[in-house]
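Chemist: Pasting a structure below so you can have a look.
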Amino acid sequence: MEYEAVIGMEVHAQVITASKMFCGCSADYASAPPNTHTCPVCLGMPGVLPVANQAAIEATILTGLALNCEIPPFSKFDRKNYPYPDLPKGYQISQYDYPLCINGYLDISVGGQQRRIRIRRVHLEEDTAKLMHVPGGSLIDFNRAGVPLMEIVTEADIRSAEEAYAYLVELRSILRYLGVNTGNMEEGAMRCEANVSVRPKGAQEFGTKVEVKNLNSFRSVRLAIAYEIERQTRLLERGERVHQVTMGWDEERLQTVFQRSKEYAEDYRYFPEPDLPPLELSREWVEVIRRRLPELPAAKRARFIAQWGIKPEDAEILAADRAVAEYFEAAVGAANGVVAPQTVANWMVVEVLRLAREAEGGLEAARVLPKDLVALIQMVAEGAITQTVGKEVLAEMFATGAKAEEIVERRGLRQISDADALRRMVEEVLAQNPGPLQQYLEGKQTVFAFFVGQIMRATRGKANPHIVSALLREELEKRGGPAAPTP
Ligand code: ADP
Ligand code: MG
Ligand code: ZN
Numbered sequence: 023m024e025y026e027a028v029i030g031m032e033v034h035a036q037v038i039t040a041s042k043m044f045c046g047c048s049a050d051y052a053s054a055p056p057n058t059h060t061c062p063v064c065l066g067m068p069g070v071l072p073v074a075n076q077a078a079i080e081a082t083i084l085t086g087l088a089l090n091c092e093i094p095p096f097s098k099f100d101r102k103n104y105p106y107p108d109l110p111k112g113y114q115i116s117q118y119d120y121p122l123c124i125n126g127y128l129d130i131s132v133g134g135q136q137r138r139i140r141i142r143r144v145h146l147e148e149d150t151a152k153l154m155h156v157p158g159g160s161l162i163d164f165n166r167a168g169v170p171l172m173e174i175v176t177e178a179d180i181r182s183a184e185e186a187y188a189y190l191v192e193l194r195s196i197l198r199y200l201g202v203n204t205g206n207m208e209e210g211a212m213r214c215e216a217n218v219s220v221r222p223k224g225a226q227e228f229g230t231k232v233e234v235k236n237l238n239s240f241r242s243v244r245l246a247i248a249y250e251i252e253r254q255t256r257l258l259e260r261g262e263r264v265h266q267v268t269m270g271w272d273e274e275r276l277q278t279v280f281q282r283s284k285e286y287a288e289d290y291r292y293f294p295e296p297d298l299p300p301l302e303l304s305r306e307w308v309e310v311i312r313r314r315l316p317e318l319p320a321a322k323r324a325r326f327i328a329q330w331g332i333k334p335e336d337a338e339i340l341a342a343d344r345a346v347a348e349y350f351e352a353a354v355g356a357a358n359g360v361v362a363p364q365t366v367a368n369w370m371v372v373e374v375l376r377l378a379r380e381a382e383g384g385l386e387a388a389r390v391l392p393k394d395l396v397a398l399i400q401m402v403a404e405g406a407i408t409q410t411v412g413k414e415v416l417a418e419m420f421a422t423g424a425k426a427e428e429i430v431e432r433r434g435l436r437q438i439s440d441a442d443a444l445r446r447m448v449e450e451v452l453a454q455n456p457g458p459l460q461q462y463l464e465g466k467q468t469v470f471a472f473f474v475g476q477i478m479r480a481t482r483g484k485a486n487p488h489i490v491s492a493l494l495r496e497e498l499e500k501r502g503g504p505a506a507p508t509p
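Residue numbers (the numbering used here): 23 to 509.
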């Protein structure tokens, strides 16, 4: 029998805001010494009152709109009760039956196939404190307690580990475009749980699901889901049943490991948060927020392809990050048709992104402005410098902030297209290499490339390769050589 996987994802994303969800403490928890960004509210002292953070509500609605959700006119906060050391109040303020956003979807593409993943809900809650387990006990840092946290839940529409991966990559790209989340999974700013079940292919009902936690990277998500699908399939094949459990991902052994049973639903005794008024979300307010939506990665991708003829795989890379996309757009604008958009894309994908990764602060901090990049590309396109030299110049531009023209002049890198000068070099190289010349004359055509290489080396990559080839061909034929290979 053939089996198919059914997967639903739950993603927790810390909302980037100045202050915490229900108090005025700074939400910048990571760079501060432990337990310095705290107050009676986020420490859960008796008698204090929460006040909802409007910026976090707006960021969550903005996210819902980007995910094609409905924003119902009414929403409220609820208490989710459970005892845990990282939860000082003994309950978490979350949202139960009236989340801020419902019924959305996100389109992803996997292996050239378009898939629609429905979004069940996006709700807002507060993060817990951070526990650090040390020899002999545990430490608690309350800086993170009360930081706004969005939860984004899909319907069980995902059918493979690859789709789950693609969903997460697209979701992170959107969250970062919106500026609502850093997308940093390794630091826990974005945390993901995968619900995985397997059923006979074609069946209508879902199988029993297993929840997989501790997924600290995109790679882990893909590996853990693939592992879990395999494990459950083998159980079913043997006629055994899958137990409803929570599993963790063991990064070392690359396998899912049992954490706890979920055969009995946890009872969180949800009830409406009595200390916060319910939220009435006016249509006007929602429309004001909607106007803040930027062009999203999928739309950018499509436009790069349709409007500028960019190769789909390059468009995907260039649109994934907003700073990169905007840099590219500015460069294409500066090129103003003189340099083709795809040529700009090639330089971006191959050279600029690598240099930006190596540079501190990435592309945003780079001293090479889009118009400076275009000036360099133009020098290459016009033949003022060779492609090889161009790459070297770009690296120096990133390192020093100097302009292309300046570097080329100072270092004397202009391409040598002077046929007389180049012919003298060709003659010299042939004279200096009687052995290889003899081999060539005897029919060993590969020596041609050796001679070209020698001339390039002698000119430190500055010789115009087309002129060099033509001259070399002439000189070799003069010496009685066979017809040289055409480039
Ligand atoms: P829980 O109450 O255990 O959190 P929910 O019904 O709220 O379960 O669903 C949580 C996530 O699990 C959602 O993304 C949902 O789509 C997914 N899900 C629900 N049932 C299944 C199933 N049988 N197999 C895979 N995913 C599922
Ligand atoms: Mg769950
Ligand atoms: Zn506080």
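Just so it is clear, CB atoms sit at the ideal spot from N, CA and C, and this is done for glycine as well.
(1) R436 bridges to which residues according to DSSP?
(2) To the nearest angstrom, how far is the alpha carbon of L153 from that of E428?
(3) State yes or no: is the C-beta of Q364 within less than 8 angstroms of the C-beta of G331?
(4) Confirm the yes/no value for this check: CB of K152, any heavy atom of ligand 3, distance under 7 angstroms.
(5) I'd like to check one pair, E80 with I115: are the Cβ atoms closer than 8 angstroms?
(6) I'd like to know whether the C-beta atoms of R8 and E177 end up nearer to each other than 8 angstroms.
(7) Would you mind working out which of R305, C123, A77 sits nearest G201, comparing C-alpha positions?
(8) Rounded to the nearest angstrom, what separates D163 and S283 at their Cα positions?
(9) Cβ of M31 versus every heavy atom of ligand 1: is any distance shorter than 7 angstroms?
(10) Put N75 into one of helix, strand or coil per three-state DSSP.
(11) Counting only runs of 4+ residues fully inside the segment 142 to 224, write out the alpha helix (DSSP H) ranges in chain order.
(12) Go to H34, then tell me how far its alpha helix (DSSP H) extends in each direction, as first and last residue.
(13) Below 7 angstroms, is the gap between the Cβ of K42 and the nearest heavy atom of ligand 3?
(14) Using DSSP with H/G/I as helix, E/B as strand and the rest coil, what is I407?
(15) What residue range is occupied by the uninterrupted alpha helix (DSSP H) comprising G457?
(16) Starting from L237, follow the beta strand (DSSP E) in both directions and report where the run begins and ends.
(17) What is the rounded straight-line gap between the Cα of E414 and the Cα of V402?
(18) Between which two residues does the beta strand (DSSP E) holding R291 run?
(19) Using the DSSP secondary-structure output, state which residues sit across from L128 in a beta bridge.
(20) Any idea if S160 is buried or exposed, counting beta-carbon neighbours within 10 angstroms, 16 or more meaning buried?
(21) Can you tell me whether G229 sits near ligand 1, meaning its C-beta is under 7 angstroms from at least one heavy atom of the ligand?
(22) Would you check if there are 3 or more beta carbon pairs closer than 8 angstroms linking the segment 23 to 41 to the segment 207 to 218?
(23) Can you tell me whether DSSP reads F280 as helix, strand or coil?
(24) Considering only heavy atoms of ligand 3, does any lie closer than 7 angstroms to the CB of C47?
(25) Can you check the segment 291 to 373 for any alpha helix (DSSP H) of at least 4 residues that lies completely inside it and give the ranges in chain order?
(26) Where does the unbroken beta strand (DSSP E) through K42 begin, and where does it stop?
(27) Is V396 near A345, with beta carbons less than 8 angstroms apart?
(28) Below 8 angstroms on the Cβ atoms is my guess for S97 versus L301; work out the distance and round it to an integer in Å.
(29) Given this structure, state the Cα-to-Cα distance separating H265 from D108, to the nearest angstrom.
(30) Excluding the 5 residues preceding and the 5 following A347 in the sequence, name in chain order all residues of the same chain whose CB lies nearer than 7 angstroms to its CB.
Modeler: In this structure, then:
(1) By one-based count along the sequence shown, residue 436 stands at place 414. Its beta-bridge partners do not exist; DSSP assigns none.
(2) The residue given as residue 153 occupies position 131 in the sequence shown. The residue given as residue 428 occupies position 406 in the sequence shown. Each residue's Cα considered, the two are about 54 angstroms apart.
(3) Your numbering for residue 364 matches position 342 in the sequence shown. Your numbering for residue 331 matches position 309 in the sequence shown. Yes, the pair counts as a contact, with Cβ atoms nearer than the cut-off.
(4) To locate residue 152, count along the sequence shown from 1; it is residue 130. Result no, Cβ not under 7 angstroms from ligand 3.
(5) Numbered from its first residue, the sequence shown carries residue 115 at position 93. Numbered from its first residue, the sequence shown carries residue 80 at position 58. Cβ distance not < 8 angstroms, so I115 and E80 don't count as in contact.
(6) Within the shown structure, residues of the chain are numbered from 23 to 509, placing residue 8 beyond reach of any answer.
(7) Looking up residue 201 in the sequence shown gives position 179. Considering only alpha carbons, the answer is A77.
(8) If you number the sequence shown from 1, residue 163 lands on position 141. If you number the sequence shown from 1, residue 283 lands on position 261. The alpha-carbon atoms of D163 and S283 are separated by roughly 28 angstroms.
(9) As a first step, residue 31 must be located in the sequence shown, where it is residue number 9. Yes, the Cβ of M31 comes within 7 angstroms of a heavy atom of ligand 1.
(10) Taking the first residue of the sequence shown as 1, we reach residue 75 at position 53. Note: N75 maps to coil in three-state DSSP.
(11) 183 to 200
(12) Within the sequence shown, numbered from 1, the residue matching residue 34 stands at position 12. Not the alpha helix (DSSP H): H34 falls in the beta strand (DSSP E), residues 25 to 36.
(13) Counted from its first residue, the sequence shown places residue 42 at position 20. Checking every heavy atom of ligand 3 against the Cβ of K42, one is found closer than 7 angstroms.
(14) Residue numbering aside, residue 407 sits at position 385 when the sequence shown is read from its first letter. DSSP places I407 in coil when its eight states are reduced to three.
(15) Counting from one through the sequence shown, the residue named residue 457 turns up at place 435. Unbroken alpha helix (DSSP H) run through G457: 456 to 463.
(16) Within the sequence shown, the letter at position 215 stands for residue 237. Residues 232 to 237.
(17) As a working mapping, residue 414 is identified with position 392 in the sequence shown. As a working mapping, residue 402 is identified with position 380 in the sequence shown. The straight-line gap from Cα to Cα measures roughly 12 angstroms.
(18) Here residue 291 refers to the residue found at position 269 when the sequence shown is read from its first residue. Run containing R291: none; DSSP gives neither H nor E here.
(19) Taking the first residue of the sequence shown as 1, we reach residue 128 at position 106. The partner list for L128 (beta bridge, DSSP) reads I139.
(20) The residue you call residue 160 lines up with position 138 of the sequence shown. Looking at its Cβ environment, which holds fewer than 16 other Cβ atoms inside 10 Å, S160 is exposed.
(21) The count along the sequence shown starts at 1 and reaches residue 229 at position 207. Answer for G229: yes, Cβ within range of ligand 1.
(22) yes
(23) Taking the sequence shown and counting its residues from 1, the one referred to as residue 280 is at position 258. Correct three-state label for F280: strand.
(24) Residue 47 sits at position 25 when you count from the first residue of the sequence shown. Under cutoff, so the answer is yes.
(25) 305 to 312, 319 to 330, 334 to 342, 344 to 357, 363 to 369
(26) Here residue 42 corresponds to residue number 20 of the sequence shown, with the count starting at 1. Per DSSP, K42 belongs to no beta strand (DSSP E) and is neither H nor E.
(27) Along the sequence shown, read from residue 1 onward, the residue named residue 396 stands at position 374. Along the sequence shown, read from residue 1 onward, the residue named residue 345 stands at position 323. Contact: no.
(28) Walking along the sequence shown from the start, residue 97 turns up at place 75. Walking along the sequence shown from the start, residue 301 turns up at place 279. Rounded, the Cβ-Cβ distance is 4 angstroms, consistent with contact.
(29) Walking along the sequence shown from the start, residue 265 turns up at place 243. Walking along the sequence shown from the start, residue 108 turns up at place 86. So the alpha carbons of these two residues sit roughly 28 angstroms apart.
(30) Taking the sequence shown and counting its residues from 1, the one referred to as residue 347 is at position 325. Answer for A347: K322, L340, A341, listed in chain order.
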